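See structure below.
Protein chains: 2
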Amino acid sequence: MRPTIRDVAQNAGVSIKTVSRVLNDEPYVREDTRAKVLAAINELGFVANLSAKRLAKGQAFTIGLLFHNASWHYILDAQRGVLDTTRAHGYSTLMHPCDVARSLDAREILAQASQRLVDGFVFTPPADNATQLLENLEAMGVPFVRMTPWEREREWPYVAATDRAGAREMTEYLLQLGHTRIGYVRGPADQKAGADRHDGYRDALATAGLRYDPDLVRQGDDQFEAGREAACSLLGMREPPTVIFCNNDEMAAGACVAVREAGLLLPEDVSVAGFDDIPLARQVWPALTTVCQPIYDLAAAATQMLIELLNGQTPPALSIEIPTHLIVRASTAPPHHN
Amino acid sequence: MRPTIRDVAQNAGVSIKTVSRVLNDEPYVREDTRAKVLAAINELGFVANLSAKRLAKGQAFTIGLLFHNASWHYILDAQRGVLDTTRAHGYSTLMHPCDVARSLDAREILAQASQRLVDGFVFTPPADNATQLLENLEAMGVPFVRMTPWEREREWPYVAATDRAGAREMTEYLLQLGHTRIGYVRGPADQKAGADRHDGYRDALATAGLRYDPDLVRQGDDQFEAGREAACSLLGMREPPTVIFCNNDEMAAGACVAVREAGLLLPEDVSVAGFDDIPLARQVWPALTTVCQPIYDLAAAATQMLIELLNGQTPPALSIEIPTHLIVRASTAPPHHN
DNA sequence: TTGTAAGCGTTATCAG
DNA sequence: CTGATAACGCTTACAA
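As you go down the protein sequences, you meet chains A and B in turn. 28 is the number that this note's numbering gives to position 28 of the first sequence; each next residue is one higher, with no gaps. 1115 is the number that this note's numbering gives to position 115 of the second sequence; each next residue is one higher, with no gaps.
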């Protein structure tokens, strides 16, 4: 039989409440008493039973991480950020891949909260799109924080990257290389991050005194294939762009393939730039110039905020922005003049 | 206040034990009694509290998934396989990225078991290498199952792919294309799966009556860079191979880059083949010919086995092999003769 | 500073 | 088939 708090109390010659106090670092325990208890704990190899604590406290000390269709890299970095943070606070994390649009999945999520399996949630896009679900959680008093949310109209807490500034910086860099016809493959229409990046692209053009040309813009769903098709279309123009800047790295990887398939040299004939800096960015050839979005930090910040919320504390801010930065690699070069 | 089993009992006019019986689908409940209880549950919107159940049963209904340094793709597919299976059985999954070689992490894993946070573990390579840890778990009576384990000397349960047959099949395919100088980039020396694949390669050569030439073999750590370097070395030989078969897709992707850097055409001058069929295999250009290792199924099978073990059942087998299959894409072609 | 006793919401025992 | 009543192992008023 595993030793319980009662065994420790007996062994140390104190009451169970005193042991509990020591376990929880509560004040009002004399030093020598504490020492005695610790000694007993050690001697017996006592480890507190989490289930009992959860029941008594009415808390799960667990948060749920919801994701769906997120790119592998995104979700793994997010997982690490969440896990490291929860662990540091004595919390556990429940991973929950799901399609929140399916009422079945949404029901399961609400059930997790009801069952006291989790105390709160971190949402990753596009799961945060399930407005109905978020409203239900809010009504139930279950806290949540959104990571790089798909939309940001509602006043719900979130953590995001400086997408607009990041895209502006990239575009400025491309302009500086001498490009004037910069193709752009934007992301899904209703995705806030994508809209912001697109705005950043426009900002830079405007600042440089260049006209925003809708003919140079395509739209994709952030997948590899979409990037390939969009680039293919751009390269087929009478006067194609000299560089293709994509809403994310996966589409940029697709664009790279399209360039090759068009029989063109990369980056001599056409440059390609991405966004996010996922590992794929280094694994294609030539390596992608991109904008780094610190997913780990975003996830850690979101989790930190959630835990503060759970503890009834007021976080310093209910929406946080974390800076991106430009990463120049080999897929971009000055335009080719012939 | 959330309704408890007591509220349901009162509402239905039965005892709490009867409610419990209904909740757990136990026999010996009259149909009309069961109906009354279910009606009350529905009316009150009752959801059982998991923490209480866990405490009372002395079980966590949770398994831990341990991983370290596994490739992103591997771990995410494994996660899905484990999650789907645990969910189907009413279990939860605790993700645990860790370096089991660090005693701190090992201690934490043992603590999770002691705290009754988890009932058992699924190990992914190379985490299963921590023999000491596994011995401790065995001594504590905590069950575990290893997925595609690094080594398989011990009699501990595991689930693996048919690595040897898979590599043999690939090699046979390459031979059939007409290649006779087949370069091979093997994996870490002490990794069983890698050794098996290497054996499969030798099997096919032997069957074809070809000599195994150690000069055509290099070793890598399964990372992109290692594949690049190994391929670079192979291509630098006086009489280089006409195809490079790598222990995994990441190294194969690296090999592709090396081929280009050598100024050679892929696959016209040199073919490249991988193993695993990770998404990267489709995202490089040209897409990789590879061997599919069904990680999701492996993970699901491992979890299934673990849950059976937890329930005191005897699984049909304590080691399972799941078949791989060849996937031909564009990175391989008949050898170029000049 | 410490201890007593009553929960927390289930499951399990055992008698009816 | 059903139901008191006692666990399960910890927290927490409330006393001392």
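No residue lacks a Cβ here, since even glycine has one placed at the ideal position from N, Cα and C. Nothing here was measured: the structure is a model prediction, and the numbers come from that model.
Do you know offhand how far residue i's Cα is from residue j's?
i: T4 (chain A); j: F46 (chain A); result: 7 Å
i: V1100 (chain B); j: M305 (chain A); result: 29 Å
i: W150 (chain A); j: L235 (chain A); result: 30 Å
i: L1133 (chain B); j: A1106 (chain B); result: 6 Å
i: P241 (chain A); j: I1075 (chain B); result: 39 Å
i: A1039 (chain B); j: E138 (chain A); result: 27 Å
i: P1323 (chain B); j: Y1158 (chain B); result: 15 Å
i: I1041 (chain B); j: S103 (chain A); result: 21 Å
i: S1271 (chain B); j: R329 (chain A); result: 27 Å
i: E135 (chain A); j: P315 (chain A); result: 21 Å
i: R1260 (chain B); j: P1279 (chain B); result: 21 Å
i: F67 (chain A); j: R146 (chain A); result: 11 Å
i: H73 (chain A); j: G1209 (chain B); result: 44 Å
i: A1012 (chain B); j: K1053 (chain B); result: 21 Å
i: D7 (chain A); j: T1033 (chain B); result: 42 Å
i: T86 (chain A); j: N311 (chain A); result: 13 Å
i: E155 (chain A); j: M170 (chain A); result: 30 Å
i: F1144 (chain B); j: A1088 (chain B); result: 19 Å
i: I1182 (chain B); j: M1095 (chain B); result: 40 Å
i: R1021 (chain B); j: G166 (chain A); result: 58 Å
i: A1262 (chain B); j: P1335 (chain B); result: 17 Å
i: V1019 (chain B); j: A1009 (chain B); result: 6 Å
i: Y1201 (chain B); j: T1148 (chain B); result: 19 Å
i: I1320 (chain B); j: G1081 (chain B); result: 15 Å
Does residue i have its Cβ less than 7 Å from a Cβ in chain B?
i: V122 (chain A); result: no
i: R168 (chain A); result: no
i: S71 (chain A); result: no
i: N49 (chain A); result: yes
i: A78 (chain A); result: no
i: E156 (chain A); result: One point to set straight first is that residue 156 (chain A) is Trp, not Glu, in the sequence displayed. Output row for W156 (chain A): interface = no.
i: R6 (chain A); result: no
i: A208 (chain A); result: no
i: M95 (chain A); result: yes
i: A253 (chain A); result: yes
i: R228 (chain A); result: no
i: R260 (chain A); result: yes
Closer than 7 Å, CB to CB, is residue i near chain A or not?
i: S1092 (chain B); result: yes
i: F1224 (chain B); result: yes
i: Q1010 (chain B); result: no
i: A1052 (chain B); result: yes
i: V1257 (chain B); result: yes
i: L1055 (chain B); result: yes
i: R1146 (chain B); result: no
i: R1164 (chain B); result: no
Between the beta-carbon of residue i and the beta-carbon of residue j, is there less than 7 Å?
i: V1142 (chain B); j: I1063 (chain B); result: no
i: P188 (chain A); j: D221 (chain A); result: yes
i: N1248 (chain B); j: F1224 (chain B); result: no
i: R116 (chain A); j: L1050 (chain B); result: yes
i: A1230 (chain B); j: R1238 (chain B); result: no
i: R1282 (chain B); j: A1258 (chain B); result: no
i: V1284 (chain B); j: C1246 (chain B); result: no
i: A161 (chain A); j: Q293 (chain A); result: yes
i: A333 (chain A); j: P267 (chain A); result: yes
i: A1195 (chain B); j: T1124 (chain B); result: no
i: M1251 (chain B); j: A1226 (chain B); result: yes
i: L1326 (chain B); j: Y1173 (chain B); result: yes
#### Entry: Residues within the stretch 1015-1027 of chain B neighbouring chain A, beta-carbon criterion of under 7 Å
Under the 7 Å Cβ criterion, the stretch 1015-1027 of chain B contributes no residue.
### Task
Could you list the residues in the stretch 100-124 of chain A with a C-beta less than 7 Å from some C-beta on chain B, going in chain order?
Listed by position along the chain: A111, S114, Q115, R116, L117.
### Message
What ranges does the alpha helix (DSSP H) occupy inside the stretch 152-206 of chain A, keeping only unbroken runs of at least 4 residues that lie completely in it?
### Response
Unbroken alpha helix (DSSP H) stretches of 4 residues or longer found wholly inside the stretch 152-206 of chain A: 163-177, given in chain order.
### Query
If contact means a Cβ-Cβ distance below 8 Å, which residues of the stretch 1272-1300 of chain B contact chain A?
The stretch 1272-1300 of chain B vs chain A, Cβ under 8 Å: P1279, L1280, R1282, Q1283, V1284, W1285.
### Message
I'd like the ranges of any alpha helix (DSSP H) spanning at least 4 consecutive residues and lying wholly in the stretch 30-72 of chain A.
### Response
Counting only runs of 4 or more, we get 31-44, 50-57.
### Task
Please specify which runs of the alpha helix (DSSP H), each continuous and at least 4 residues long, are wholly inside the stretch 1260-1306 of chain B, giving them in chain order.
List check, alpha helix (DSSP H) in window: 1280-1283.
### Message
Using a Cβ-Cβ cutoff of 9 Å, what residues of the stretch 1169-1199 of chain B are near chain A? List them in chain order.
### Response
From the stretch 1169-1199 of chain B, no residue has a Cβ closer than 9 Å to chain A.
### Sequence ranges, alpha helix (DSSP H) only - wholly within the stretch 1206-1261 of chain B, length at least 4
List check, alpha helix (DSSP H) in window: 1224-1235, 1249-1261.
### Query
Which of the residues in the stretch 126-139 of chain A, read from start to end, lie with their CB under 8 Å from any CB of chain B?
Listed by position along the chain: nothing, the set is empty.
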